[in-house]
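The sequence shown maps to residues 1 to 288 in full-length UniProt numbering. Let me begin by presenting the structure, written as structure tokens, before commenting on it.
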Amino acid sequence: MGYLRDMMTGMRRIGWDAYQSDHEDANGQYEINFHYSDALTTADRYTFFKMMTSQYAQRYGAIATHMAKPFTDRTGSGGHIHYHIADSESGENLFLDEDDRRGLGLSEMAYHFIGGIFAHAPALCSVMSPTVNCYKRLQVGPALFGSSSGFLWTPAFVSYGDNNRTQMIRTAGPGHLEDRTMSAACNPYLAFGAYLTAGLDGVRRRLDPGEPNLGNLYELGLEEIRRRGVRMLPQSLAESLAELKADSVVSDSLGVIYDEFVTQKDAEWREYHRQVTPWEIERYLTMF
């Protein structure tokens, strides 16, 4: 496909070491992977990457969208992050422990980092999934089975586990974590800063995330998930904003941006909530 070839060629020319492109679940949905770097460099690249996708698409008379859920009955798109913490001098992966008793190849620091993410997960959602549309992707209940392949392949619960895409945090390999809640709609500078702050708070407080979940959460059912004490991620922008306002660690991580961020996002929710949608008209117009 010419579009993907152009993207991969362009990324390699600027030294990003793009190594994979593949078709994802939905129609016209693609994933492109490039080599990792430090958080700030990656935020720069991710911002430029989204600009590249749009510019190259125009050559083919197309639109490239990073919208979380552009179609009701098709898989949404995320901006999943893969990460570890490294020693600044040696480059050693501090999340790696081949002797991990839990069998995931993670160090004590990695587990405490996950504990921090879990402690602040509801508030983090407001920064990592910052639009009303993002929460059409982070769904629970029957909607989990709403895509063409049967699953949305997105997290709806605060959980972690082995190579399991129904989790919020997936261990993609020893010393290698993936968070699947992040949306491409986020500001990566704010998202990475808030995420690191939350995780390092867990390291500082030595928070334990509990034992990993080894099952498919989509197959358990909501009642069983609740019985196990697994928390649900926020199901709307309004809910995540309320969590942000109550979480001093995440809100402080936004610095001077915090007040304006909350003002703009509160306004976005109110504007969205005032809309009368075609779904409402079709459902209710002649019902009563």
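Every residue, glycine too, gets a C-beta built ideally from N, C-alpha and C.
Taking the alpha carbon of residue i as the point to measure from, which residue in the options has its own alpha carbon closest?
i: Ser253; options: Asp201, Arg227, Ala242; result: Asp201
i: Leu124; options: His82, Asn93, Asp179; result: Asp179
i: Glu243; options: Asp259, Gly116, Pro122; result: Pro122
i: Gly78; options: Gly103, Gly91, Asn133; result: Asn133
i: Gly15; options: Arg5, Leu40, Arg45; result: Arg45
i: residue 367; options: Ala68, Tyr3, His35, His82; result: Since the first residue of the chain shown is 1 and the last is 288, residue 367 is not available in this structure.
i: Ala39; options: Gly221, Asp25, Ala191; result: Ala191
i: Glu24; options: Thr41, Phe48, Arg74; result: Arg74
i: Tyr36; options: Glu239, Val256, His82, Arg5; result: His82
i: Tyr189; options: Glu89, Met128, Trp269, Gly221; result: Met128
i: Gly28; options: Arg226, Tyr272, Gly91, Phe71; result: Phe71
i: Val249; options: Arg204, Thr181, Val140; result: Arg204
i: Ser251; options: Trp279, Thr41, Ser126, Arg5; result: Ser126
i: Pro155; options: His80, His273, Arg283, Ile281; result: His80
i: Ser183; options: Lys69, Thr41, Tyr30; result: Lys69
Just verifying my parser: in three-state terms, what is the DSSP assignment at residue i?
i: His80; result: coil
i: Asn133; result: helix
i: Tyr3; result: helix
i: Ala64; result: coil
i: Leu106; result: strand
i: Asp44; result: helix
i: Pro212; result: coil
i: Val127; result: helix
i: Thr286; result: coil
i: Ser248; result: helix
i: Ala267; result: helix
i: Pro70; result: coil
i: Leu190; result: helix
i: Asp259; result: helix
i: Val276; result: coil
i: Thr166; result: coil
Give the DSSP bridge partners of residue i, in chain order.
i: Tyr30; result: His23
i: Met232; result: Phe157
i: Leu177; result: Tyr83, Thr171
i: Asn93; result: Ala86
i: Ala198; result: DSSP lists no partner for Ala198.
i: Leu138; result: The partner list for Leu138 (beta bridge, DSSP) is empty, contrary to what the question assumes.
i: Ala18; result: Phe34
Output the distance between the C-alpha atoms of residue i and residue j, rounded to the nearest integer angstrom.
i: Gly76; j: Arg101; result: 35 Å
i: Arg165; j: Leu196; result: 22 Å
i: Val230; j: Lys50; result: 34 Å
i: Glu224; j: Arg12; result: 47 Å
i: Met67; j: Thr263; result: 22 Å
i: Leu285; j: Thr47; result: 43 Å
i: Ile281; j: Arg227; result: 37 Å
i: Ala194; j: Leu220; result: 31 Å
i: Arg274; j: Lys245; result: 22 Å
i: Met1; j: Tyr30; result: 11 Å
Leaving out the 5 sequence neighbours to the left and right, which residues in its chain are closer than 6 Å to residue i when beta-carbon positions are compared?
i: Ala64; result: Thr53, Ser54, Ala57
i: Ser236; result: Tyr135
i: Ala43; result: Pro188, Tyr189, Phe192
i: Ala26; result: Arg74, Thr75
i: Glu239; result: none
In chain order, what residues of the same chain have a beta carbon less than 7 Å from the beta carbon of residue i, not counting five sequence neighbours either side?
i: Asp162; result: Leu104, Thr171, Pro212, Leu214
i: Phe261; result: Leu254
i: Pro130; result: Ala185, Cys186, Lys265
i: Leu207; result: His112, Gly115, Gly116, Ala119
i: Pro209; result: Tyr111, Ile114, Gly115, Phe118, Tyr160
i: residue 293; result: This structure gives no information on residue 293, because the portion of the chain shown stretches from 1 to 288.
i: Asp87; result: Leu94
i: Ile257; result: Leu190
Who are the Cβ neighbours of residue i in its own chain at under 8 Å, not counting the five residues just before and after it?
i: Met7; result: Ala18, Ser21, Ile32, Met52, Thr53, Tyr56
i: Phe95; result: His84, Ile85, Leu106, Ser107, Met109, Ala110, Phe113, Gly175, His176, Leu177
i: Gly10; result: Met52, Tyr56
i: Glu92; result: Ala86
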